[in-house]
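Asks:
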Amino acid sequence: METIKDIWFEGGRIYMESNEGKVYSRPLEAFPTLKDASETERDKYTICMHGETVRWAKLDEDIHISSFYEKEEPERDNEIARIFNRFPQLNVSEVARSLNINKSLLAKYIYGIKKPSEERVLAIKEALHSLGRELVAV
Numbered sequence: 014m015e016t017i018k019d020i021w022f023e024g025g026r027i028y029m030e031s032n033e034g035k036v037y038s039r040p041l042e043a044f045p046t047l048k049d050a051s052e053t054e055r056d057k058y059t060i061c062m063h064g065e066t067v068r069w070a071k072l073d074e075d076i077h078i079s080s081f082y083e084k085e086e087p088e089r090d091n092e093i094a095r096i097f098n099r100f101p102q103l104n105v106s107e108v109a110r111s112l113n114i115n116k117s118l119l120a121k122y123i124y125g126i127k128k129p130s131e132e133r134v135l136a137i138k139e140a141l142h143s144l145g146r147e148l149v150a151v
């Protein structure tokens, strides 16, 4: 069974070497918590579960070996990314909270690692419009 032997970060990616000598990599956008973390925070991990997972205790982040097998790359030019790039002052955590979704999921939409449904895109836009209406009323 393939297990995690080593982890490192380079060029906006996380790399994993397995006990079989294979090297896999994923864009950090796939793991928003790690993308937002400092280099020091990223370097403080432990390999757990007999080599099946990597754990960053301080960040409360876990990655299973199967996550490294995924092939999807970020689609950086997407509608949600364009909105958040146009308004960098938006607080992703607060927008996610208003949508009742996890910040990591919204970040994955922004980074283009996951594609939201049309209904979710409309919900995101409506949450932002609602925020805009509240700001105008102030």
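Sequence positions in the sequence shown follow my numbering and run 14 to 151.
Note that beta-carbon positions come from the ideal geometry of N, C-alpha and C, so glycine has one too.
Taking the continuous alpha helix (DSSP H) assigned at valine 134, which residues delimit it?
Replies: Residues 131 to 150.
Asks: So, isoleucine 20 versus arginine 39, is the Cβ gap smaller than 8 Å?
Replies: Cβ distance not < 8 Å, so isoleucine 20 and arginine 39 don't count as in contact.
Asks: Using CA coordinates, which residue listed in Asn104, Trp69, Ile17 is at the minimum distance from glutamate 52?
Replies: Per the Cα distances, Trp69.
Asks: Compare the Cα-Cα distances from glutamate 23 to each of Tyr37, Pro129, Glu15 and report the closest residue.
Replies: Selected option, being the one with the closest Cα: Tyr37.
Asks: Using three-state DSSP, classify isoleucine 123 as helix, strand or coil.
Replies: Helix at isoleucine 123.
Asks: Taking the C-alpha atoms as reference points, what is the distance between serine 31 and glutamate 15?
Replies: If I take the Cα positions, the gap works out to 6 Å.
Asks: Would you check if there are 3 or more beta carbon pairs closer than 8 Å linking the stretch 86 to 94 to the stretch 111 to 129?
Replies: Yes, the stretch 86 to 94 touches the stretch 111 to 129.
Asks: With a CB to CB cut of under 7 Å and the five nearest residues on each side skipped, what residues in its chain are close to arginine 55?
Replies: Around arginine 55: Phe22, Leu47.
Asks: With 16 other CB atoms within 10 Å as the buried threshold, where does phenylalanine 100 fall?
Replies: Exposed, by the Cβ-count rule.
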